[in-house]
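Q: Those protein sequence lines, which keep their order, are chains A and B. Be aware that the first sequence starts at 0, since it is given in numbering that gives the first Met the number 0, and climbs by one per residue. Be aware that the second sequence starts at 0, since it is given in numbering that gives the first Met the number 0, and climbs by one per residue. One structure coming up, written as structure tokens, with questions to follow.
Number of protein chains: 2
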Amino acid sequence: MSGAKTLKELAGRLDVSITTVSRALSGDPAIALKTRERVAEAARKYGYVPNTAARALVSGRSGFVGLVLPIRGPHLVDSFLGEFVTGLGEGLVSRGSHLILATAPEGETELKVLRHLVESGRCDGVVVTRIAETDERVRYLTERGVPFVAHGQLIDDSTSYNWIDTDGARAFAEAFEMLYALGHRHFGLVTISEPMTFRHRRQDGLADAIARRGDPDVRLDVATAPRFDRPARIEAINRMLAAPERPTAIIGLFDDLALTVMEEATRAGLSIPGDLSVVGFDNILASAYAPPGLTTFDALIQQASRDIGQLVVEIIEQRPGEPRNKLIQPAFVSRASHGPAPETRTTRRN
Amino acid sequence: MSGAKTLKELAGRLDVSITTVSRALSGDPAIALKTRERVAEAARKYGYVPNTAARALVSGRSGFVGLVLPIRGPHLVDSFLGEFVTGLGEGLVSRGSHLILATAPEGETELKVLRHLVESGRCDGVVVTRIAETDERVRYLTERGVPFVAHGQLIDDSTSYNWIDTDGARAFAEAFEMLYALGHRHFGLVTISEPMTFRHRRQDGLADAIARRGDPDVRLDVATAPRFDRPARIEAINRMLAAPERPTAIIGLFDDLALTVMEEATRAGLSIPGDLSVVGFDNILASAYAPPGLTTFDALIQQASRDIGQLVVEIIEQRPGEPRNKLIQPAFVSRASHGPAPETRTTRRN
DNA sequence: CTTTCAATTTGAAACGTTTGCAATTCGACT
DNA sequence: AGTCGAATTGCAAACGTTTCAAATTGAAAG
Chain A
0 MSGAKTLKEL AGRLDVSITT VSRALSGDPA IALKTRERVA EAARKYGYVP NTAARALVSG
60 RSGFVGLVLP IRGPHLVDSF LGEFVTGLGE GLVSRGSHLI LATAPEGETE LKVLRHLVES
120 GRCDGVVVTR IAETDERVRY LTERGVPFVA HGQLIDDSTS YNWIDTDGAR AFAEAFEMLY
180 ALGHRHFGLV TISEPMTFRH RRQDGLADAI ARRGDPDVRL DVATAPRFDR PARIEAINRM
240 LAAPERPTAI IGLFDDLALT VMEEATRAGL SIPGDLSVVG FDNILASAYA PPGLTTFDAL
300 IQQASRDIGQ LVVEIIEQRP GEPRNKLIQP AFVSRASHGP APETRTTRRN
Chain B
0 MSGAKTLKEL AGRLDVSITT VSRALSGDPA IALKTRERVA EAARKYGYVP NTAARALVSG
60 RSGFVGLVLP IRGPHLVDSF LGEFVTGLGE GLVSRGSHLI LATAPEGETE LKVLRHLVES
120 GRCDGVVVTR IAETDERVRY LTERGVPFVA HGQLIDDSTS YNWIDTDGAR AFAEAFEMLY
180 ALGHRHFGLV TISEPMTFRH RRQDGLADAI ARRGDPDVRL DVATAPRFDR PARIEAINRM
240 LAAPERPTAI IGLFDDLALT VMEEATRAGL SIPGDLSVVG FDNILASAYA PPGLTTFDAL
300 IQQASRDIGQ LVVEIIEQRP GEPRNKLIQP AFVSRASHGP APETRTTRRN
């Protein structure tokens, strides 16, 4: 009753060999069914739980997947990280794997932590997120043959690897079509200057949609600022808002930018969506609360990360194989920050 | 150059024994300094990284601390989980430990996952959060002698264990004093019916502060609803707001409740803080955005979890010892949802 | 040149599991 | 009764590390 911590103890109580117990527990059909049942029952009764370290040592598999926490990023001001690890954990556990979270100590680069993580055998595969245009982590993992899944894409799609991404291009095309249908012709895009692939995907999606429409009246202004430089961002936005011909609809590369647009526009006395429509991307928590409620696209982080978790385990188990990729379709979230283009109203009034 | 994955390989290249290499790398002074340096350099050169599984097997230590992700809770709609794991990771890594995140599979209880986690030897200690009044996890861990730190307290403080908690009692006392000083005498408290210890701590803090003040004019109404039953919550709040004598200041047990109060009050045509002051607790992200901005207390999750991470490693290393406890002082966040009691204004006007 | 002792290094066991291969058991068939 | 083959079970090695106890080295002392 007191418990059997090891195979040896369990084997002793059952009067069989360690081998038999090990095989029985793993369901090896070479062991008589009766024996298997007897062992299983005893294991349950004595609360036997196999030692992970020993198993990992002999099998070369740790049963873990690693995720390196991005150095102090914007994660903490929204629910991204929470959703991501929750979804990832769900995906992994549904495939019998578990999650290790590695934090970079002061002054260590994320890549170094990643190397240590995989080379110490602590995990069998990893997940990397926030992929940059040319990402050193992706290069390292590919070269070393470590099973991994990237949440996001490289800018250069000639290297092949496993990724799952949100279809930003499609969302931005949808945003354009919706606003175009509402009468908007003069668009603004607020974007960042950093080399993140998602920036290009979304911008290209927008540009392509405009091109497809082929309406010569459509005009697109672009305001750019460094990602974390808030004063610069505000200045760029205000320049766009103060221009003699102001866009009637502004799309933010992500919600944080769109929210700043709403703040600044409101401060400048513009009404939303009366004078200006604003659309974002991500559906961060604040978007629901910032008046009048930001229309945006939900990136479905948790669903994406659940898929990532399942995929990485599959890759670990049947490596190597064809690289697997998947685009998640973001969900349109209609709130109150978009409406008909103001010209329409003016016309109506006259 | 190509790399040495094991001690044996490294020892081969250096023409010394495995033992010597192992000792040298661990800084054993029995090994000649010259040898130690030679080994260290070779290890670096060949990129040797010790195998975690082997080390864990022999030492009985995994180097991991476990956290069981609470089943689908309110974590995902705010940044709690992200902040918590980030802080925890920081605390652990600063003490040389790492974090395992265990997710409960469909239909498994959190306790069962916890048991499996510790009994498989996957981790040397655990962290539990969202402590209930009588928490089965705390009981299990205590009985089994597993090193752990609780983020929160049991209602019964006779059992001793390690915990770090946010000082809700103090915050609620402060809230009362601040509002009292603004002239408020009629208070409302919106709370939940679930057996969570933090509920009592905060309520008691408020009640004690009122008692200490000893002003017979002070009155406190309480509205209670199940934690996740939104309709019931709204109804309870509206009952409080519609009462013939309505409180002039309402305190929410946590921000989510306070935000609902603000919504309902606004819907009922009350102005905040003109007609009603509202104060919350937690400082979730939405509190900054919901108009007019919720005055609240920041629970300093990340700081608390960093402390928890450091503490749990200390406990693992020098177990057993006196239970260690710590109260984190929440930080007052003054926004625009509180102001002078309406009577004051009326008086002034007359 | 031997002895002694400290400084340094090494052999071998142990941690708990998996697994290739060999050994045993057992019933059935001759 | 002996033999064969299938069905079971067990032995022992291996995974890479740590660590106890023992062996080796080298220098100083006799």
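For each residue, glycine too, the CB sits at the ideal point set by N, CA and C. Being a predicted model, the structure only gives us computed values, none of them experimental.
#1: For the candidate residues E193(B), G308(B), L252(B) and V125(B), whose alpha-carbon lies nearest to that of V67(B)?
#2: Would you report the Cα separation of I30(B) and L13(B), rounded to the nearest angstrom?
#3: So that I know if they touch, is there some Cβ in chain A lying closer than 8 Å to that of A285(B)?
#4: Considering L252(B), what are the terminal residues of the alpha helix (DSSP H) in which it resides?
#5: Spatial neighbours of P49(A) within its chain, please: C-beta separation below 8 Å, excluding the five flanking residues on both sides.
#6: Below 7 Å CB to CB, which residues in the same chain sit around E263(A) once its five sequence neighbours on both sides are set aside?
#7: CA-CA distance, F175(B) and P339(A)?
#8: Counting contacts by CB-CB distance shorter than 8 Å, is P353(A) in contact with chain B?
#9: In chain A, what lies closer than 7 Å to V48(B) by C-beta?
#10: With 16 other CB atoms within 10 Å as the buried threshold, where does F83(B) fall?
#11: Does DSSP classify A224(A) as helix, strand or coil?
#12: State whether the stretch 286-303 of chain A contacts the stretch 300-319 of chain B, with contact taken as three or more CB pairs (one from each stretch) at a distance under 8 Å.
#13: Spell out whether any CB of chain A is found under 8 Å from the CB atom of P146(B).
#14: Could you compute how far the alpha carbon of L56(B) sits from the alpha carbon of P146(B)?
#15: Just reading off the alpha helix (DSSP H) that L140(A) is part of, what are its end residues?
#16: Which residue comes first and which comes last in the beta strand (DSSP E) that contains L63(A)?
#17: Strictly below 9 Å CB to CB, what residues from chain A border P339(B)?
#18: Tell me, which residues are paired with D281(B) by DSSP?
#19: Report yes if the C-beta of P69(A) is less than 7 Å from at least one heavy atom of the ligand SAM; otherwise report no.
#20: Taking the alpha carbon of D127(A) as the point to measure from, which residue in R136(A), R121(A) and S119(A) has its own alpha carbon closest?
#21: Between which two residues does the alpha helix (DSSP H) containing T18(B) stretch?
#22: Closer than 8 Å between beta carbons: that is the criterion. Which residues of the stretch 85-99 of chain A meet it against chain B?
#23: Which residue's Cα is closest to the Cα of F331(A): P322(A), A206(A), D281(A) and A289(A)?
#24: Across which residues does DSSP place F387(B) in a beta bridge pair?
#25: Once the 5 residues before and after T346(B) are set aside, which same chain residues still bring their CB inside 6 Å of it?
#26: Looking at the structure shown, is T34(B) part of a helix, part of a strand, or coil, going by DSSP?
#27: On a Cα-Cα basis, can you pick out the residue from F63(B), G65(B), G11(B) and D155(B) that is closest to Y47(B)?
#28: Under 8 Å, Cβ to Cβ, is there at least one residue of chain A near T51(B)?
#29: I'd like the span of the beta strand (DSSP E) that includes L100(B), first residue to last.
#30: Tell whether a beta-carbon distance below 8 Å holds between V277(B) and I271(B).
#31: Can you check whether the CB of R198(A) is closer than 8 Å to the CB of A168(A)?
#32: According to DSSP, is A287(B) helix, strand or coil?
#33: So if I threshold CB-CB distances at 7 Å, which residues from the stretch 249-263 of chain B count as touching chain A?
#34: State the DSSP-derived secondary structure class of R344(B), mapped to helix, strand or coil.
A: In terms of the structure at hand:
#1: V125(B)
#2: 14 Å
#3: yes
#4: Careful: L252(B) lies outside any alpha helix (DSSP H) and carries neither H nor E.
#5: L6 and L24
#6: I233, I236, N237 and L240
#7: 47 Å
#8: One cannot answer for residue 353(A) here, as it falls past the ends of chain A, which runs 0 to 349.
#9: H115, E118 and S119
#10: buried
#11: strand
#12: no
#13: no
#14: 19 Å
#15: E135 to R143
#16: Correcting the residue type first, residue 63(A) is Phe in the shown sequence and not Leu. Segment F63 to L68, the beta strand (DSSP E) holding F63(A).
#17: Here the premise fails: no neighbours, minimum Cβ distance about 25 Å.
#18: D297(B)
#19: Because no ligand of any kind appears in the structure shown, any question about the ligand SAM cannot be addressed here.
#20: According to the sequence provided, residue 127(A) is Val. The question's Asp does not apply to it. Answer by Cα proximity: R136(A).
#21: I17 to L24
#22: T85, G88, E89, L91, V92, S93, H97, L98 and I99
#23: D281(A)
#24: Residue numbering for chain B in the displayed model covers 0 to 349; residue 387(B) lies beyond these limits and cannot be assessed.
#25: In this prediction, T346(B) has a pLDDT of 39, which is less than 50 and means its spatial position is unreliable; what the coordinates show is noted afterwards. Hits under 6 Å: none found.
#26: helix
#27: G11(B)
#28: yes
#29: H97 to T102
#30: yes
#31: no
#32: helix
#33: none
#34: Reliability of the predicted coordinates at R344(B) is poor, the pLDDT of 40 falling under 50, and the value obtained from them is presented with this limitation in mind. Correct three-state label for R344(B): helix.
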